[in-house]
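Novice: This structure is in structure tokens; I'll ask about it shortly.
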Amino acid sequence: MTRELTIPRPDDWHLHLRDGAMLQAVLPETARHFGRAIIMPNLVPPVVTGDQAAAYRDRILAALPDGMAFEPLMTLYLTEDTDPEDVAAAHASGLVKAVKLYPAGATTNSASGVRDFDKVRPVLEKMAEIGLPLCTHGEVTDHDIDIFDREAVFIDRVLDPIRKATPGLRVVMEHITTKNAAEYVASQDKDLGATITTHHLIINRNHILVGGIKPHYYCLPVAKREEHRLALRAAATSGDVRYFLGTDSAPHTDPNKESACGCAGCFTATNTMSLLAHVFEEEGALDKLAGFASEHGPAFYGLPVNAEAMTLTKGDAPVAFPEKIETGDGPVTVFDPGFDVYWSAE
Ligand code: DOR
Ligand code: ZN
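Positions in the sequence shown are counted from 1; adding 12 to them yields our numbering.
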């Protein structure tokens, strides 16, 4: 039985760090294990311009504790007013690694997102020309579409038409939650990648709703039925380079989660690598973890694999993760997988 696994230091290709006191508290949870992360721009107000992304990167680096090494990979929040030339300049300077598409109203702080996709056509064309990837929150927001169907409908109505109309545009389908999305990725060429979160490999919709509502399992896109979770596990452990880790670790304080109108997001930064080792071992695929967490993402983004290593060790006793981390804004509950985990990460 494998008790020890060494992989290149992993990266997180989809992460929410927030700002201010929350940033200060959650950043070390990621930087302890991950070399780099694609930083989501859905702050209030959102990170729209190259100048705003540069200022946000400086705030992240200022919040990094002494002695920790971590590289934030910045993104721009796509709006209907985004200037293609500003995007191109932010890319050319090396600052920005992707542009994030939120359909307006799809999730936390997405009000400035896109309503009319024709309005962002010049930006998408510029991105295809310069090779800058588009990261998508892949859900339609139409009120008549059931929330469990919103990802599959997005692929047909929005994503596939955009990709056909913009040849060469590189796209990351972020936090995929359905068999439909996994199959769509597998059917396309290497211009299309997908991130998969830790929690979507662990929970299905029953975990959220059976036996009382569990607000800390609520995120967007919402977890689907079991067949979809199994399809995500198959994709993540397949060794296919198009699937890679993006935790979507999304901290909200407990009062904001445990509320009559609770926020979407699972906070997994603290225990993601232990949970992934558990999942990949269950799937008989520990040899595929390095690809998923450390190699496929850099390949998609054209970056080197981290030179440092991480060792995962399986002990005899369950690892005790903190139930919460304290932040200046209030406590944030760490994702509880609902089972004992024996893998620790150094
Ligand atoms: O669950 C989520 N939380 N999904 C998102 O798309 C946004 C995120 C957040 O910012 O809290
Ligand atoms: Zn997210």
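The beta carbon of each residue, even a glycine, is placed where N, CA and C say it ideally should be.
What is the DSSP secondary structure of SER250, counted as helix, strand or coil?
Specialist: To locate residue 250, count along the sequence shown from 1; it is residue 238. Three-state DSSP puts SER250 in coil, outside helix and strand.
Novice: Is the beta carbon of LYS202 closer than 8 Å to that of CYS147?
Specialist: The residue given as residue 147 occupies position 135 in the sequence shown. The residue given as residue 202 occupies position 190 in the sequence shown. The answer is no: Cβ separation not under 8 Å.
Novice: Check the C-beta distance from MET34 over to PRO263 and give it rounded, since I have them as a contact under 8 Å.
Specialist: Along the sequence shown, one-based indexing puts residue 34 at 22. Along the sequence shown, one-based indexing puts residue 263 at 251. So it is a contact: roughly 6 Å between Cβ atoms.
Novice: Measuring straight from C-alpha to C-alpha, what distance separates VAL56 and THR14?
Specialist: Here residue 56 is taken as the residue at index 44 of the sequence shown, counted from 1. Here residue 14 is taken as the residue at index 2 of the sequence shown, counted from 1. Distance between the alpha carbons of VAL56 and THR14: 45 Å.
Novice: Would you give the residue range spanned by the beta strand (DSSP E) that GLY359 belongs to?
Specialist: What the structure shows of the chain is the stretch from 13 to 358, and residue 359 is not part of that stretch, so it cannot be assessed.
Novice: Looking at chain B, is there any beta carbon in it that lies within less than 8 Å of the beta carbon of LYS236?
Specialist: The displayed structure is made up of one protein chain only, and chain B is not part of it.
Novice: Output the distance between the C-alpha atoms of VAL331 and LEU76, rounded to the nearest integer angstrom.
Specialist: If you number the sequence shown from 1, residue 331 lands on position 319. If you number the sequence shown from 1, residue 76 lands on position 64. In a straight line, the C-alpha of VAL331 is about 26 Å away from that of LEU76.
Novice: One question on the structure: do GLY62 and VAL108 come within less than 8 Å of each other, judged by their Cβ atoms?
Specialist: In the sequence shown, counting from the first residue as 1, residue 62 sits at position 50. In the sequence shown, counting from the first residue as 1, residue 108 sits at position 96. Contact: yes.
Novice: Could you give the DSSP three-state label for LYS202: helix, strand or coil?
Specialist: Working through the sequence shown from its first residue, we reach residue 202 at position 190. It is coil, neither helix nor strand.
Novice: Counting along the chain, where does the alpha helix (DSSP H) carrying ALA140 start and finish?
Specialist: Translated into positions along the sequence shown, residue 140 becomes position 128. It spans 133-142 - the alpha helix (DSSP H) in which ALA140 sits, taken as one unbroken run.
Novice: With hydrogens ignored, establish whether the beta-carbon of ALA206 is closer than 7 Å to any heavy atom of the ligand DOR.
Specialist: As a first step, residue 206 must be located in the sequence shown, where it is residue number 194. For the ligand DOR, not one heavy atom lies less than 7 Å from the Cβ of ALA206.
Novice: Can you tell me which residues form a DSSP beta bridge with CYS147?
Specialist: Position 135 of the sequence shown, counted from the first residue, corresponds to residue 147. Partner(s): LYS112 and VAL184.
Novice: Could you check whether the Cβ of ALA262 sits closer than 7 Å to any heavy atom belonging to the ligand DOR?
Specialist: Locating residue 262 in the sequence shown gives position 250, counting from the first residue. Correct: ALA262 has its Cβ closer than 7 Å to the ligand DOR.
Novice: Thinking GLY180 and ALA235 are a contact (beta carbons under 8 Å), I'd like their distance in whole angstroms, please.
Specialist: Here residue 180 corresponds to residue number 168 of the sequence shown, with the count starting at 1. Here residue 235 corresponds to residue number 223 of the sequence shown, with the count starting at 1. With 8 Å as the limit, GLY180 and ALA235 do not qualify as a contact, their Cβ atoms being about 33 Å apart.
Novice: Since TYR313 is in the alpha helix (DSSP H), which residue starts that stretch and which ends it?
Specialist: As a first step, residue 313 must be located in the sequence shown, where it is residue number 301. That run of the alpha helix (DSSP H) goes 308-313.
Novice: Which residues in the same chain as ILE167 place their Cβ atom closer than 6 Å to its Cβ, once the five residues preceding and following it in sequence are excluded?
Specialist: Stepping through the sequence shown from its first residue, residue 167 is reached at position 155. Cβ neighbours of ILE167 beyond the five flanking positions: TYR196.
Novice: Under a three-way DSSP split, which group does LEU29 fall into?
Specialist: Taking the first residue of the sequence shown as 1, we reach residue 29 at position 17. The answer is coil: DSSP assigns LEU29 none of H, G, I, E or B.
Novice: Please tell me whether THR189 and LEU288 are closer than 8 Å, where the distance is taken between their beta carbons.
Specialist: By one-based count along the sequence shown, residue 189 stands at place 177. By one-based count along the sequence shown, residue 288 stands at place 276. Going by C-beta atoms, THR189 is not nearer than 8 Å to LEU288.
Novice: Is ASN216 near the ligand DOR, in the sense that its beta carbon is under 7 Å from a heavy atom of that ligand?
Specialist: Numbered from its first residue, the sequence shown carries residue 216 at position 204. Not so, every heavy atom of the ligand DOR lies at least 7 Å from the Cβ.
Novice: Using a Cβ-based criterion (distance less than 7 Å to any ligand heavy atom), does MET52 qualify as near the ligand ZN?
Specialist: In the sequence shown, counting from the first residue as 1, residue 52 sits at position 40. Under cutoff, so the answer is yes.
Novice: Quick check: does the Cβ of LEU232 come within less than 7 Å of any heavy atom belonging to the ligand DOR?
Specialist: On the sequence shown, residue 232 is found 220 positions in, with the first residue counted as 1. Checking every heavy atom of the ligand DOR against the Cβ of LEU232, one is found closer than 7 Å.
Novice: Could you spell out the range, first to last residue, of the beta strand (DSSP E) harbouring ARG48?
Specialist: As a working mapping, residue 48 is identified with position 36 in the sequence shown. Where ARG48 is concerned, the enclosing beta strand (DSSP E) stretches over 48-51.
Novice: Relative to the ligand DOR, is the shortest distance from any of its heavy atoms to the C-beta of THR210 smaller than 7 Å?
Specialist: Stepping through the sequence shown from its first residue, residue 210 is reached at position 198. Checking the Cβ of THR210 against the ligand DOR gives no.
Novice: Answer yes if the segment 268-277 comes into contact with the segment 236-251, meaning at least three C-beta pairs across the two stretches below 8 Å, and no otherwise.
Specialist: Judged by Cβ distances under 8 Å, the segment 236-251 makes no contact with the segment 268-277, as fewer than three pairs qualify.
Novice: Among the candidates GLU294, VAL99, ALA281 and ALA123, whose CA atom is the shortest distance from the CA of GLU137?
Specialist: As a position in the sequence shown, residue 137 is number 125, starting the count at 1. Comparing Cα positions, the closest option is VAL99.
Novice: Please confirm whether ALA247 and ALA164 have their CB atoms less than 8 Å apart.
Specialist: As a working note, residue 247 is residue 235 in the sequence shown. As a working note, residue 164 is residue 152 in the sequence shown. No, these two residues do not count as a Cβ contact at 8 Å.
Novice: Just list the beta strand (DSSP E) runs in the segment 247-307, keeping only unbroken ones of 3 residues or longer that don't cross its boundaries, in chain order.
Specialist: Whole beta strand (DSSP E) segments, 3+ residues: 255-257.
Novice: Give every residue of the same chain whose Cβ lies closer than 7 Å to the Cβ of ALA49, excluding the five residues on either side of it in the sequence, and list them in chain order.
Specialist: For the purposes of this step, residue 49 is taken as the residue at position 37 of the sequence shown. Excluding sequence neighbours, ALA49 sits near ASP23, ASP24, LEU27, THR42, PRO84 and LEU85.
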